[in-house]
Structure formats: structure tokens, C-alpha cells
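Here the sequence shown stands for residues 761 to 848, numbered as in the numbering used here. Quick reminder that beta carbons are idealized off the backbone N, C-alpha and C, glycines included. Source: prediction; values computed, not measured. Here is the structure we will look at.
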Amino acid sequence: MLKRGKTNLSVSGKHGLYVVCNCGHADSVWVGDIIKVLGVAVTVSFAVDKMRCSRCHTKSVKEYQITYLGGSADAMRSAQQCGPGRNM
Numbered sequence: 761m762l763k764r765g766k767t768n769l770s771v772s773g774k775h776g777l778y779v780v781c782n783c784g785h786a787d788s789v790w791v792g793d794i795i796k797v798l799g800v801a802v803t804v805s806f807a808v809d810k811m812r813c814s815r816c817h818t819k820s821v822k823e824y825q826i827t828y829l830g831g832s833a834d835a836m837r838s839a840q841q842c843g844p845g846r847n848m
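Structure follows, in C-alpha cells:
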């Protein structure tokens, strides 16, 4: 059984949730879309428990990650804003 986080998805509104099913199918879902359907107070664990694979139609998530859904240039620009020795 996966140990799932209790992180509220609203803190990651511009990110994606990358999910891998036990059947091998993998896809990303924009967190903003999940919030629109399940509400602002939804946690990662609740969202993952509700997900159903579009290939095999089961609710059997093997693994998941919160990912940044921008270009790599956007990610690097965000990292540079923090700068060496500074915290975000």
C-alpha cells in the first residue's frame, strides 16, 4: 500500500500530479483541474484515491509525483530567483 501525503493541493495550483497505474499507464493531470472538480480543500491522498486509470479503468495507483508543468526555462528562472544561500 502506498503511503500518501496529506498535502493540500491548493499550495501546488500551477503544478501537475504525475500518476502511474499498476497496468503501466502514466499521465499528468493539472492540479488546477483536480481542484476544480474536487474542491480547494482536497489533499494529495484524497485526489490519488479518487483517480481512475483511463486505460484499465481501475483505481490502482502504483506511484505519483507532484511535478512542475512549465518549460524548463521557467523552472530555472524560478530557481535563480532564490539565489545561492537564500531560502524561498
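{"Item": "Of the listed residues L829, Y828, S770, nearest to L798 (C-alpha basis)", "Value": "S770"}
{"Item": "Cβ neighbour criterion (16 or more within 10 Å) applied to C783", "Value": "exposed"}
{"Item": "V780 versus K822: straight-line alpha-carbon distance, rounded", "Value": "6 Å"}
{"Item": "Nearest-angstrom Cβ-Cβ length linking V800 and Y824, presumed shorter than 8 Å", "Value": "Wrong, their Cβ atoms sit about 20 Å apart, outside the cutoff."}
{"Item": "Run of the beta strand (DSSP E) containing A853, from where it starts to where it stops", "Value": "Absent from the structure is residue 853, since the part of the chain shown begins at 761 and ends at 848."}
{"Item": "Opening and closing residue of the alpha helix (DSSP H) in which K822 lies", "Value": "Where K822 is concerned, there is no enclosing alpha helix (DSSP H), although the beta strand (DSSP E) it sits in stretches over 821-828."}
{"Item": "Backbone CA spacing between K796 and V789 [nearest angstrom]", "Value": "12 Å"}
{"Item": "Three-state secondary structure assigned by DSSP to V771", "Value": "helix"}
{"Item": "Opening and closing residue of the alpha helix (DSSP H) in which V808 lies", "Value": "804-810"}
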